[in-house]
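Working notes, structure below.
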Amino acid sequence: MFHSLQRRSPSSVYSYCVSSARFASLADGSLGWGHQVSALKGRVQQVLRWFQKETERGTRQNKSLLSLLANQCSYVTSLRVRRAQQIGQLYSNIYSERTRWSLFNRLWRKFHSHHGNACKLMAALTGIFVWEEERIKEEELQRSIDEMKRMEEMSSVFRRSGVECHAPELKPQTEETSDIATKEQPWEMVMDKKHFKLWRRLISGTHLYQYRVFGTYTDVTPRQFFNVQLDTEYRKKWDALVIKLEVIERDVISGSEVLHWVTHFPYPMYSRDYVYVRRYSVDQENNVMVLVSRAVEHPNVPESPEFVRVRSYESQMVIRPHKSFDENGFDYLLTYSDNPQTVFPRYCVSWMVSSGMPDFLEKLHMATLKAKNMEIKVKDYISAKPLDVGSEAKAATQSPDRKSEGSCGPARIEYA
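So in full-length UniProt numbering, the last one in the sequence shown is 416, and the numbering has no gaps at all.
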């Protein structure tokens with residue numbers, strides 16, 4: 001029935017009174033109302049002065065309240081930060097770095113199991129790389145070793161029978177992997193030489209290929225070949241295509257590390273950059289070495305307009321010495337796939353990868369020979385090997401060990 005009256009702020013009332021005063025002044029000049037208009041002007045000016053004083057008083061009160069609230073928040077925050085620093089210093093004095101990371105990972109896994117989306121959002125906002133999700137697991141290393149065993153078994157059978165060696169298909173282990181295995185394409189021989197065989201197969205649902213190389217070297221030791229492949233500083237010298245190659249972050253728990261690699265591509269294509277995590281393992285009891293790499297996203301390495309980011313990349317290298325790590329002769333299995341983000345036809349990309357992979361392996365071989373003959377100093381990754389197989393589970397389940405009980409910190413173990 002009745003329209004509700006809207007409450008106006010002091011500033012709006014002030015503007016309304018100013019307009020009324022202007023109207024009164026115009027009326028005085030045009031109509032000549034005399035004393036009534038003069039009295040009205042006086043009352044309006046009094047109202048204006050009163051509202052102006054009230055507005056300034058309210059502004060000062062709001063400013064004082066805001067300053068008090070800000071001071072209180074800063075005081076509480078400083079107390080919390082100081083308390084966190086004291087707790088961190090206490091734990092750093094009591095426990096080793098590896099034990100502290102194990103404790104942090106257990107807390108993170110517990111929180112992540114209940115608040116998975118919140119964890120991802122918090123990690124993205126704070127610029128933290130979540131190792132719990134991105135590190136290379138023991139299962140990935142063991143899967144590559146199992147593929148090498150199957151390749152060796154098939155190769156020995158074909159060698160005895162005199163039949164051409166083909167890449168064996170992986171046998172499905174569970175019902176879940178059975179559906180995946182049925183969709184995989186068969187391997188196709190691309191290059192067949194005496195000590196070098198190259199296959200490829202189409203990745204299901206894409207136009208890309210996965211490549212596999214099985215080869216042998218007899219003039220270098222497995223230790224030298226493995227160290228040259230892992231040494232990032234030495235690679236900058238023997239690989240002319242490298243523009244940038246550096247380690248971004250290391251994981252104390254597993255020995256995994258994140259690398260940023262920028263490399264030239266053939267003209268007229270732009271250079272490509274890779275952000276990937278890698279992990280290696282040296283099993284001296286079973287006489288095998290493995291290196292696994294795959295692409296990841298890292299908050300400290302944003303995409304650059306100067307390069308094309310390769311977001312799909314996987315590589316597994318397994319080395320089996322003929323005798324020992326320090327005697328010449330070994331077999332290797334390299335499985336590789338990536339999406340270089342090119343607009344060229346599929347056969348052009350396939351030709352570049354098929355020709356580029358043997359060229360890279362030959363340059364790696366020559367760099368190993370050069371380091372061997374000229375005695376170039378290369379970091380020994382085998383003697384400074386990472387955690388043993390199954391150590392992730394032990395680090396996550398065992399109770400925190402104190403430094404005084406002989407736990408190994410990062411100063412005693414140097415990772416790749």
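Glycine residues also receive a C-beta, built at the ideal position from the N, C-alpha and C atoms.
Between residue 278 and residue 293, the C-beta gap is smaller than 8 Å, which places the two residues in contact. Taken through DSSP and simplified to helix, strand or coil, residue 133 comes out as helix. Using a C-beta cut-off of 8 Å, the segment 301-310 makes no contact with the segment 324-335, since fewer than three inter-stretch Cβ pairs fall below that distance. Minimum Cα-Cα distance from residue 149 among the listed residues 350, 81, 80, 319 corresponds to 319. Scanning its chain for C-beta atoms nearer than 8 Å, with the 5 sequence neighbours on each side dropped, one finds around residue 307 the residues 262, 270, 271, 272, 273, in chain order. In the assembly as shown, residue 197 is a buried residue. Its beta-carbon has 16 or more other beta-carbons within 10 Å. Counting only the Cα atoms, residue 76 lies some 59 Å from residue 367.
About 12 Å separates the CB atoms of residue 211 and residue 317; that is not less than 8 Å, and the two are not in contact. Proximity to residue 337 across 315, 328, 362 peaks at 315, based on C-alpha coordinates. In this structure, residue 135 places its C-beta atom within 8 Å of the C-beta atom of residue 256. A Cβ-Cβ distance of about 14 Å is found for the pair residue 249 and residue 232, leaving them out of contact under the 8 Å criterion. Here the C-alpha atom of residue 335 lies approximately 17 Å from the C-alpha atom of residue 193. When the beta-carbon positions are compared, residue 296 and residue 310 stay at least 8 Å from each other. Residue 128 and residue 299 have their C-alpha atoms roughly 7 Å apart. Across the structure, residue 355 and residue 207 are spaced so that their CA atoms are roughly 18 Å apart.
Per DSSP, reduced to three states, the secondary structure at residue 188 is strand. In this structure, the alpha-carbon of residue 376 lies about 12 Å from that of residue 238. For residue 359, the secondary structure class from DSSP, reduced to helix, strand or coil, is helix. Assigned with DSSP and collapsed to three states, residue 301 falls in coil, not helix or strand.
Residue 222: member of the alpha helix (DSSP H) spanning 222-230, first to last residue. Excluding five sequence positions before and after residue 339, the CB atoms of its chain that fall closer than 6 Å to its own CB belong to 208, 312, given in chain order. Using a Cβ distance threshold of 8 Å, residue 382 and residue 223 count as a contacting pair. The beta-bridge partner set that DSSP reports for residue 335 consists of 212, 316. Residue 197 has 192, 214 as its beta-bridge partners, per DSSP. In the structure shown, residue 80 adopts helical secondary structure according to DSSP, grouped into three states.
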